[in-house]
Structures are given as structure tokens and as C-alpha cells.
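Numbering (the working numbering), first residue to last: 115 to 242. Using N, Cα and C, we set each Cβ at its ideal position, and we do this for glycine too. Being a predicted model, the structure only gives us computed values, none of them experimental.
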Amino acid sequence: MTQSQIAYKKRLIQKIQIVKNNVFSDDEMRKEFILSRFGVESSTKLTIDQLKLLLDFCNRKVSDIPVLKATEAQLHKINTLWLDKAKNKSIEAMCSFVSKIAKRQVGFINELRKDEATNVIVALERIN
Numbered sequence: 115m116t117q118s119q120i121a122y123k124k125r126l127i128q129k130i131q132i133v134k135n136n137v138f139s140d141d142e143m144r145k146e147f148i149l150s151r152f153g154v155e156s157s158t159k160l161t162i163d164q165l166k167l168l169l170d171f172c173n174r175k176v177s178d179i180p181v182l183k184a185t186e187a188q189l190h191k192i193n194t195l196w197l198d199k200a201k202n203k204s205i206e207a208m209c210s211f212v213s214k215i216a217k218r219q220v221g222f223i224n225e226l227r228k229d230e231a232t233n234v235i236v237a238l239e240r241i242n
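The following block contains the structure:
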């Protein structure tokens, strides 16, 4: 990032801090929202485009920011890799593995966000 991009990102974060109370009653609610929509816990880890989306949401210019769910292709790839590489091919074992990679409890793989699915695919590809 250039210096001007870093400064712009800081200004966006400051604006979000000012207007966050328009939609979030406390910091925990805001953190959960950011985690569910963007996959990070802090606004400092968001990209400039993500910060713009969050600012628009806080200013009520948009009604919601959609959660990017894992695509059918990603889910198919996870299933295929799991069946090829896992010793225990059960669904329970797969969900346990996916939960460890996603760092949250996952009951079914179709609950994964797009970024989590990518991480699971990378982890499965690294298995010998």
C-alpha cells in the first residue's frame, strides 16, 4: 500500500468509528458482524473496498452486506479432496477437520464462507 492508501484507510476507519453506533449497539455486535461478512475480527484488517462497504452500511446507505457463501464448485472440490485424501472418510470427520481449519464449529460444509472454503481446500491439498 502506498502512503496515501494507508492514510485513506485510516480515515475510513475513523469515519466508521464515528458512525458505528447508528447500527451496532456494542463492539461485540460489530465484531461479530465484521467476522460474519468479511471473515476478520477487526476493521483494521479490512481492505479499502470492504471498509467502504462497511461505512455505507453504518451510514445506512445499504440495508445489508451479503455473506459470501462457498460456491458449489468449492464444496464439490472439498468433498472430492476429502474422499481422495482422508483416512476416515465419514462426514463427522470431515466436519471436524473443516471446523479446525475454519476456527469455528461447522455442522455441514455448506455453512462455510467463501474464504473459509478456500482455506479448507488449501489444507486438504497439503495432505499427503
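Start and end of the alpha helix (DSSP H) containing N193?
It spans E186 to K199 - the alpha helix (DSSP H) in which N193 sits, taken as one unbroken run.
Can the beta-carbon of V220 be found closer than 8 Å to that of I192?
Not in contact: V220 and I192 (Cβ atoms no closer than 8 Å).
Would you kindly work out how many angstroms separate the C-alpha atoms of K134 and R174, rounded to a whole number?
Rounded to whole angstroms, K134 to R174 spans 10 Å at the Cα level.
Name the DSSP bridge partner or partners of K256?
Within the shown structure, residues of the chain are numbered from 115 to 242, placing residue 256 beyond reach of any answer.
If you draw a straight line from the alpha carbon of I149 to that of D198, how long is it in whole angstroms?
Sequence inspection shows Leu at residue 149; the Ile mentioned does not correspond to that position. Taking the straight line joining both Cα atoms gives about 31 Å.
Report buried or exposed for E155, applying the criterion of at least 16 other Cβ atoms within 10 angstroms of its Cβ.
It is exposed - the Cβ of E155 has fewer than 16 other Cβ atoms within 10 Å.
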